[in-house]
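Going by my numbering, the letters in the sequence shown line up with residues 65 to 258, in that order.
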Amino acid sequence: MSGSSYLVNAGVYLINIVFGLYLLAVMLRFLLQTIRADFYNPICQFLVTVTNPALKPLRRWIPGYMGIDWPSILLMILLQLLEICLIALLMSGHIPSPISIPVIIAAQLLELLVWVYIFIIIIQAVISWIQPGSYSPFTVLLYQLSDPVIRPIRRYIPATGGIDWSPFVVLILLNLALMLLVAPLNDWGRYLSG
65 MSGSSYLVNA GVYLINIVFG LYLLAVMLRF LLQTIRADFY NPICQFLVTV
115 TNPALKPLRR WIPGYMGIDW PSILLMILLQ LLEICLIALL MSGHIPSPIS
165 IPVIIAAQLL ELLVWVYIFI IIIQAVISWI QPGSYSPFTV LLYQLSDPVI
215 RPIRRYIPAT GGIDWSPFVV LILLNLALML LVAPLNDWGR YLSG
């Protein structure tokens, strides 16, 4: 492996970290706004502080509509586009085919969304085993984020023997989404990019 390829790998790693963390912050803010979480929560306040510099200019031109925070969606798309182009330029010297870019963006954002929920549910389950009934700003947000996903399953799968199986079922469904939705989209994007 040449010295330049080490630099490329390091560059790709740094781009993934920086964009990944900021995309995560924007997505969490979008999800918290969608569920109307308490924005006085210190974690929400942190997300607002971190994402406002990028979101405020977009809000001047694009309002929210029908309860959907369109500026956050546009920002996630733009960030993902920039990440994809920077990594492609570093690795191959050119950007992917314009036809493939929307598919790759959709695949990457959907994958991030699925992983966000996988981690939320796992962390919530671990906390409930270690410290059942614990209350903190963090656990409140975990519950608010996971409840819209778990509640529909809980209607059909009641707790048995004091064990709530619905988070386990949701985790199975989320992993199936990675296999049956995200993976084909990623493959299609790679195919279109040549």
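Built from N, CA and C at the ideal position, the CB exists for glycine as well.
| Asked | Found |
| --- | --- |
| Buried/exposed call for threonine 113, threshold 16 Cβ in 10 Å | exposed |
| Local conformation of tyrosine 181 per DSSP, three classes | helix |
| Buried or exposed (CB count within 10 angstroms, at least 16 for buried), glycine 253 | buried |
| Through-space distance from glycine 225 to leucine 138, alpha-carbon basis | 45 Å |
| Proline 121 beta carbon less than 8 Å from that of proline 201 | no |
| Anticipated Cβ contact below 8 Å, proline 160 with isoleucine 168, distance rounded | 7 Å |
| Tyrosine 70 in three-state terms, based on DSSP | helix |
| Check whether isoleucine 214 and valine 190 have beta carbons under 8 Å apart | no |
| Contacting residues, own chain, Cβ-Cβ under 8 Å from leucine 96 (five flanking each side not counted) | Phe103, Cys108, Leu111, Leu205, Gln208, Leu209 |
| Status (buried if at least 16 other CB within 10 Å, exposed otherwise) for leucine 90 | Before going on, a small fix: residue 90 reads as valine here, not leucine. With 16 or more other Cβ atoms within 10 Å, it is buried. |
| Secondary structure of isoleucine 227, DSSP reduced to three states | strand |
| Aspartate 211, buried or exposed, once every other Cβ within 10 Å from all chains shown has been counted against 16 | exposed |
| Where isoleucine 132 falls: helix, strand or coil (DSSP) | strand |
| Residue closest to leucine 85, alpha-carbon to alpha-carbon, out of Asn73, Ile187, Thr115, Ile217 | Thr115 |
| Host alpha helix (DSSP H) of valine 213 (start-end) | 201 to 220 |
| Closest residue to methionine 140 among Gln195, Ser230, Arg93, Ile217 (Cα-Cα distance) | Arg93 |
| Closest by C-alpha distance to glycine 157, when choosing among Ser68, Leu256, Tyr255, Leu249 | Ser68 |
| Counted within 10 angstroms of its Cβ, other Cβ atoms place valine 82 as buried (16 or more) or exposed | exposed |
| Aspartate 133, buried or exposed, once every other Cβ within 10 Å from all chains shown has been counted against 16 | buried |
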